[in-house]
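Let me begin by presenting the structure, written as structure tokens, before commenting on it.
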Amino acid sequence: PERVFSGIQPTGNLHLGNYLGAIVKFVALQETHECLFCVVDLHAITMPQAPDELRQAIRRIAAAYIASGIDPVRNIIFNQSQVSEHSELAWVFNCVARMGWLNRMTQFKDKAGKDRENVSIGLFAYPTLMAADILLYRATHVPVGEDQKQHVELTRDVAQKFNNDYSESIAARGHTAGFFPLPEPLIQGPAARVMSLRDGSKKMSKSDASEFSRLNLSDDADAINQKIRKAKTDPEPLPTELEGLKGRPEAENLIGIFSALSGVTPEKVLADFGGAQFSSFKQSLADLAIHKLGPIGAEMRRLEGDPGYIDQILRDGAVRARAIAQPIMNEVKDIVGLLR
Ligand code: AQP
5 PERVFSGIQP TGNLHLGNYL GAIVKFVALQ ETHECLFCVV DLHAITMPQA PDELRQAIRR
65 IAAAYIASGI DPVRNIIFNQ SQVSEHSELA WVFNCVARMG WLNRMTQFKD KAGKDRENVS
125 IGLFAYPTLM AADILLYRAT HVPVGEDQKQ HVELTRDVAQ KFNNDYSESI AARGHTAGFF
185 PLPEPLIQGP AARVMSLRDG SKKMSKSDAS EFSRLNLSDD ADAINQKIRK AKTDPEPLPT
245 ELEGLKGRPE AENLIGIFSA LSGVTPEKVL ADFGGAQFSS FKQSLADLAI HKLGPIGAEM
305 RRLEGDPGYI DQILRDGAVR ARAIAQPIMN EVKDIVGLLR
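All residue numbers for the sequence shown refer to the UniProt record's numbering, where the first residue is 5 and numbers rise by one.
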């Protein structure tokens with residue numbers, strides 16, 4: 005059976021890239037799949053976090069899920085650290101994955117920068133924990149933004165190597181096609197990679213120093229208007245066809261955002277706005293963003309005002325997640341030869 009797993013780190017403000025690259029897809033998948041949506045707090049502490057802020061940020065991601073339309077009854081919404089099997093399986097995977105695989109991860113290279121000797125071991129091992137998150141539920145589909153593709157591929161490599169390394173033990177327990185599935189990344193649509201509003205060659209990111217580089221889910225109408233008005237563009241009017249966006253990354257990004265928010269294809273957006281100056285297009289884009297994001301931000305603020313409600317959803321979600329995870333982790337222990 006198909007099962008969806010994905011997660012978001014409780015670090016900083018959720019931005020339009022997280023929303024369009026991930027959350028919008030979660031909302032659609034709940035119609036067709038059994039889904040687990042996780043707040044990956046153990047991933048967050050691979051970088052320093054202030055404890056009180058981390059607690060708030062965990063609640064904020066849960067609030068964002070719910071405010072965006074993810075139903076906490078039909079789906080499992082929970083935070084990673086409440087299901088200790090994530091850490092247990094991650095350890096087993098640290099012993100399956102190879103140093104060379106992790107050394108090739110571009111996210112690690114970007115985040116570690118030049119000071120490799122001083123980053124946490126957790127930051128290096130981030131992808132094996134992510135593999136554990138997904139495979140602990142034997143999930144088959146992982147909706148993520150383009151930037152996470154390499155980590156999902158590593159998850160497939162871990163699953164395959166585990167299946168090979170323990171093939172006899174796995175077969176002896178009656179699994180004829182390996183123990184873990186090789187999960188598929190789901191990366192599609194015009195917003196699989198939303199770029200910075202200040203620089204069309206950089207992805208929109210929580211850690212960008214400039215607030216003007218991103219739209220946050222919590223931004224009010226004034227902030228959205230200002231940020232879109234100041235978004236970097238080039239001096240040419242908009243083209244009428246897709247080819248005309250080549251070599252114009254900022255224009256391409258804004259058209260992609262419009263398309264993703266409106267559900268209209270990029271071709272149609274250009275058919276409507278081609279030939280127009282950026283100023284008029286930007287006004288329509290700002291109106292659209294305010295119309296789509298405004299109610300989500302308002303609902304997030306309402307939910308964050310009721311932490312008891314959020315905490316209860318996360319506790320219930322953890323109980324339901326563990327009911328799936330525990331038997332799988334027990335089988336992993338048996339396969340590996342860990343006595344229980
Ligand atoms: N710019 C983006 N376009 C499309 N999808 C994106 N995602 C992130 N940025 C973009 C997707 O959002 C999901 C959650 O991401 P995350 O919380 O795990 O962290 P991240 O990718 O580290 O987010 P940031 O904003 O990019 O943080 P920093 O600045 O710390 O690197 C994932 O599915 C991701 O693909």
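Glycine included, each C-beta is placed from N, C-alpha and C at the ideal position.
Same chain only: Cβ atoms within 6 Å of residue i, ignoring 5 sequence neighbours per side
i           : result
residue 273 : 259, 262 and 263
residue 234 : 216
residue 257 : 199 and 204
residue 337 : 344
residue 304 : 67, 68 and 71
residue 188 : 145
residue 220 : 17 and 19
residue 61  : 14
residue 224 : none
residue 44  : 11, 13 and 84
residue 182 : 167
residue 132 : 94, 97, 98 and 101
First through last residue of the beta strand (DSSP E) which encompasses residue i
i           : result
residue 59  : Premise fails: residue 59 lies in the alpha helix (DSSP H), 55-71, not in any beta strand (DSSP E).
residue 268 : That residue, residue 268, is in no beta strand (DSSP E); it is neither H nor E in DSSP.
residue 145 : 145-147
Per DSSP, cross-strand counterpart(s) of residue i
i           : result
residue 7   : 38
residue 80  : 40
residue 220 : 19
residue 207 : 199
residue 138 : DSSP output for residue 138 lists no bridge partner at all.
Closer than 8 Å: residue i CB and nearest the ligand MN heavy atom
i           : result
residue 213 : With respect to small molecules bound, the structure shown includes the ligand AQP and not the ligand MN.
Beta-carbon separation (whole angstroms), residue i vs residue j, contact threshold 8 Å
i           : j           : result
residue 7   : residue 141 : 6 Å
residue 350 : residue 40  : Residue 350 lies beyond the range of the chain shown here (5 to 344); nothing can be said about it.
residue 290 : residue 332 : About 46 Å separates the two Cβ atoms, so there is no contact after all.
residue 116 : residue 123 : 5 Å
residue 316 : residue 89  : The Cβ separation is near 21 Å, so there is no contact.
residue 135 : residue 159 : 4 Å
residue 42  : residue 114 : Actually they do not touch by this definition, with Cβ atoms about 23 Å apart.
residue 31  : residue 74  : 6 Å
residue 86  : residue 322 : 4 Å
residue 270 : residue 194 : 6 Å
residue 151 : residue 207 : 6 Å
residue 335 : residue 177 : 7 Å
Limits of the unbroken alpha helix (DSSP H) element including residue i
i           : result
residue 90  : 89-98
residue 189 : From DSSP, residue 189 is part of no alpha helix (DSSP H) but of the beta strand (DSSP E) over 188-190.
residue 112 : 110-116
residue 46  : 45-48
residue 13  : Neither: residue 13 is in no alpha helix (DSSP H) and is coded neither H nor E.
residue 280 : Segment: none, residue 280 is in no alpha helix (DSSP H) and carries neither H nor E.
residue 312 : 311-340
residue 163 : 153-169
residue 122 : It is not in any alpha helix (DSSP H) - residue 122 carries neither H nor E in the DSSP assignment.
residue 407 : Absent from the model: residue 407. The displayed extent of the chain is 5 to 344, so no value can be given.
residue 103 : 103-107
residue 29  : 28-33
Same chain, Cβ closer than 7 Å to residue i, neighbours up to 5 away in sequence not counted
i           : result
residue 184 : 139, 142, 163, 166 and 167
residue 26  : 10, 12, 147, 148 and 149
residue 22  : 12
residue 243 : 249, 274 and 278
residue 311 : 63
residue 153 : 189 and 191
residue 186 : 160, 163 and 164
Beta-carbon contacts of residue i that lie in its chain and below 8 Å, excluding the five residues immediately before and after
i           : result
residue 209 : 19, 21, 200, 217 and 218
residue 292 : 262, 265 and 266
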